[in-house]
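Working notes for the structure below.
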Amino acid sequence: MLTTKKTSVDENKNRGWPKGKRRYPKGAGAPKQPLSGYVHFLNERREAVKSENPEISFSELSKRLAADWSSLTEEEKNKYHEMAKSDKDRYDREFAEYQQTESYKQFMESRSGNQTNGGSASKKKKK
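When we follow our numbering, the leftmost residue of the sequence shown carries the number 279, and every step to the right adds one.
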């Protein structure tokens, strides 16, 4: 008879962010991060692939889009890289404007007040 080791649900799940990899809140009114060329490609092609295959799972959709991206030539990818470059330029402009606002100054003050003594680099590892 086969016996299997029972594990608790908590042992199998990776809950939350790993230590040292926390998400920090963004300031109110902060511009959205720029998208990469790959993400622009995904956004453009996702609906077309889903309409061709309505029963496709999210993981299969992701695999298919990744394969499509890999099969593109550098010239075809340049279109999306240019979109990413213009999005990065937009983000740089908007972030420079955002840095001049009062909400950014308040965000930076609150962020500096939340930091602990020495940060995570000075914490000792437990053995």
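All C-beta atoms in this analysis are idealised placements derived from N, C-alpha and C, irrespective of residue type, glycine included. Just so it is clear, the structure is predicted and the values come from calculations on it, not from any experiment.
Mind checking whether L350 and L320 have CB atoms under 8 Å apart? A distance of 8 Å or more separates the beta carbons of L350 and L320.
Notebook entry, point to check: Taking DSSP as the reference, what is the three-state secondary structure of A362?
Noted result: The answer is helix: DSSP assigns A362 an H, G or I state.
D367 to G315 span [Cα, whole Å]
Rounded to the nearest angstrom, the two C-alpha atoms are 13 Å apart.
Smallest Cα separation from G307: which of R389, S388, S381 and G391? Comparing Cα positions, the closest option is S381.
Item to complete: Taking Y369 as the reference, give the member of S329, K304 and P312 with the closest Cα.
Response: Of the candidates S329, K304 and P312, the one whose C-alpha sits nearest the C-alpha of Y369 is P312.
Grab the span of the alpha helix (DSSP H) containing L313 for me, first residue to last. Membership of L313 in any alpha helix (DSSP H) is not indicated, and neither H nor E is assigned to it by DSSP.
Query - Three-state class that DSSP yields for E333 in the structure shown - result: Three-state DSSP puts E333 in coil, outside helix and strand.
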